[in-house]
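Engineer: Quick one: the structure is below, and I'll ask about it shortly.
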Amino acid sequence: MTTIYLTRKISSKLNKYLLEKIISIIKEKDNSKIDYFQIFEVNNNQLINSQEEPEKSEIYNLAYKFKEKIKIWAIKTEEETKKYWTIMFPEEY
Numbered sequence: 001m002t003t004i005y006l007t008r009k010i011s012s013k014l015n016k017y018l019l020e021k022i023i024s025i026i027k028e029k030d031n032s033k034i035d036y037f038q039i040f041e042v043n044n045n046q047l048i049n050s051q052e053e054p055e056k057s058e059i060y061n062l063a064y065k066f067k068e069k070i071k072i073w074a075i076k077t078e079e080e081t082k083k084y085w086t087i088m089f090p091e092e093y
């Protein structure tokens, strides 16, 4: 089971549809070999998910069009007894 934490700003400011989409992508990919650092960028009606190692990018079509460009980070932390993701805006790092 994947544990996902949200920063307070993500919880209060990010569109719930967009948040659910990002969480679903993370949960879907979590068992595969993905980078600990996932970048999500919203541009109009597309959600672009990219990572650095291995370099990879995927585009998802959204049901809604967003006026502003939004960037969200998801960072995986692995400790001895647990593994979890934290979703945040870049300025919160």
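In the UniProt record's numbering, the protein residues as written are 1 to 93.
Note that the Cβ used here is the ideal one computed from N, Cα and C, for glycine as well.
1) Quick check on Lys65: buried or exposed, where buried means 16 or more other Cβ atoms within 10 Å of its Cβ?
2) Which one or two residues does DSSP pair with Ile87 in a beta bridge?
3) Leaving aside the five residues before and after Leu62 along the sequence, list all residues of the same chain whose C-beta is less than 6 Å from its C-beta, in chain order.
4) Quick one: grab the DSSP three-state call for Tyr36.
5) Could you check the C-alpha separation between Glu53 and Tyr36 for me, to the nearest Å?
Structural biologist: Here's the rundown:
1) In the sequence shown, residue 65 corresponds to position 65, counting from 1. Label assigned to Lys65: exposed.
2) Residue numbering aside, residue 87 sits at position 87 when the sequence shown is read from its first letter. In DSSP, Ile87 forms a bridge with Leu6 and Ala74.
3) Here the question's residue 62 lines up with position 62 in the sequence shown. These residues qualify, in order along the chain: Asn45 and Leu47.
4) Locating residue 36 in the sequence shown gives position 36, counting from the first residue. The answer is coil: DSSP assigns Tyr36 none of H, G, I, E or B.
5) Translated into the one-based positions of the sequence shown, residue 53 becomes position 53. Translated into the one-based positions of the sequence shown, residue 36 becomes position 36. Each residue's alpha carbon lies about 9 Å from the other.
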